[in-house]
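So the sequence shown is numbered by the working numbering: it starts at 438 and just counts up by one.
For each residue, glycine too, the CB sits at the ideal point set by N, CA and C.
Keep in mind the model is a prediction, meaning the values are calculated, not measured.
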Amino acid sequence: MTTRPIHIVGGGVAGLALGIRLRQLGVKTRISESGTYPRHRVCGEFISGRGVKLLRELGVFDAFLRGGGKLAETMKFFGTQAMSPVIRMPQPAFCISRYAMDRIMSDQFKSMGGELRTGLRVASEKLRDEGTVLANGRKPNTEKHATWTGYKFHVQGLKLEADLEMHFNNGGYLGMCAVEKDWVNVCGLMPSKHVTGLNLRSQWKGFLRSNLHPKKHHALETIEMMEGSICFVSGISYNTDQLKRADPLVRVGDRMSTIPPLTGNGMSLAIESAWLASGPIAQYASSKNNWTEMTESLTGLQSRYFQKRLAVSIPLQSLLMAQKMHGIREYMIKHLSCFHQTLFRLTR
């Protein structure tokens with residue numbers, strides 16, 4: 438057992454992945470989570486990229502399959518009128534609800550000897566303590582350019598034309614994929630100004646009708662929504678300078694950086710960031726370096742590893758969602774099969 442303990446603040450995907458990996462490496466690890474398990478969270482519930490392989494390395498992939506998670510191999514994109522063909526993904530993705538995923542990962546962490554405290558908020562002055570890693574999600578942005586609000590809910594009875602459907606319009610976009618028990622996760626972004634007066638609990642069918650391609654409208658009559666699955670998160674912004682920080686805090690997951698959800702890479706990025714951080718942190722825990730040296734080393738690693746995908750995906754989202762780019766967006770969707778592999782490679 439190593440000598441220096443690690444305290445992870447936040448028990449979401451990144452925090453739990455880091456906790457599990459550190460326990461694999463023999464590091465004494467404690468996670469403080471402000472909420473409880475299980476619960477719904479705003480999330481695409483879609484893991485695409487190296488994160489799928491890392492789930493196997495973390496020893497949770499088989500448990501996810503037993504819990505109802507599903508492999509996804511095909512996708513179809515919709516505009517206001519245009520549609521792509523059904524396209525085979527360059528690599529299979531994995532779909533599982535956060536309700537199931539967080540529960541399974543937290544159980545795994547505890548079974549490995551990790552200490553998990555729920556319903557506990559860590560005082561802000563403690564976040565700078567040596568040995569503390571921030572995995573407590575994206576910090577809300579109250580500045581004027583934070584124009585996005587994320588939402589999520591589950592429906593049942595909706596037949597998808599591919600394992601992943603993406604729907605784009607002038608007011609934002611949403612993705613849909615099947616998770617356990619044939620529930621379909623609906624998750625997307627909308628301009629924050631559209632949230633005023635919106636009551637998804639009573640207006641969810643009308644909301645879907647106005648945000649899905651007309652071809653899908655007939656399927657909405659017989660679907661039902663899962664009670665308690667609606668979630669919102671506001672104050673979202675994206676910028677390519679997220680990794681450039683001067684402070685000494687150690688961050689993973691959304692606390693490190695957020696990537697536009699249209700890439701399908703957000704959950705994988707969280708898992709990858711945890712895995713990347715685990716090596717330097719384990720070296721610190723075994724007294725092979727000090728906290729300052731570890732922090733500087735990790736910051737450089739994160740920048741080199743993640744900067745390219747952020748530099749591509751953030752301008753791509755801005756381009757696709759610009760009002761004047763409606764025609765270009767429709768053209769790209771219709772011809773997506775010609776360049777989807779290039780986009781996949783650049784955003785992973």
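Could you give the residue range of the beta strand (DSSP E) that holds residue i?
i    : result
S755 : First-last for S755: W728 to M758, but that is the alpha helix (DSSP H), not the beta strand (DSSP E).
L611 : G609 to A615
T555 : E552 to T555
E815 : The question about residue 815 has no answer, for the chain in this structure spans 438 to 785.
F531 : I524 to C532
I445 : I443 to V446
A509 : K507 to F515
Going by DSSP, what residues sit across from residue i in a beta bridge?
i    : result
E709 : DSSP lists no partner for E709.
W585 : P628 and I673
V687 : V570
I484 : F531
M662 : V592
T695 : Per DSSP, none; premise fails for T695.
T466 : I443
W641 : W641 pairs with nothing; no bridge assigned.
T623 : The sequence given here has Val at residue 623, not Thr. According to DSSP, V623 bridges with F590 and M613.
Thinking residue i and residue j are a contact (beta carbons under 8 Å), I'd like their distance in whole angstroms, please.
i    : j    : result
T466 : I443 : 5 Å
L553 : I468 : 5 Å
R785 : N702 : 6 Å
E470 : S534 : At roughly 17 Å, the Cβ-Cβ gap does not stay under 8 Å, so E470 and S534 are not in contact.
C827 : A615 : The structure shown has nothing for residue 827, since the chain only spans 438 to 785.
M762 : L753 : Not confirmed; about 11 Å, so no contact.
M397 : V592 : Nothing can be reported for residue 397, as the shown portion of the chain is limited to 438 through 785.
Inspect the beta-carbon positions of residue i and residue j and report whether they are closer than 8 Å.
i    : j    : result
L637 : M613 : no
Y610 : L626 : yes
G505 : R692 : no
L455 : R565 : no
Report buried or exposed for residue i, applying the criterion of at least 16 other Cβ atoms within 10 angstroms of its Cβ.
i    : result
N727 : exposed
I384 : Residue 384 lies beyond the stretch modelled for the chain, which goes from 438 to 785, so this question has no answer here.
H604 : buried
A759 : exposed
Q739 : buried
A714 : buried
V632 : exposed
C480 : buried
Within the continuous alpha helix (DSSP H) that includes residue i, where are the two ends?
i    : result
S548 : R535 to S548
H777 : H777 to L783
L459 : V450 to Q461
Looking at the ligand SAH, does it come within less than 7 Å of residue i, judged from the CB to the closest heavy atom?
i    : result
G594 : Of ligands this structure carries none, so the ligand SAH is not represented either.
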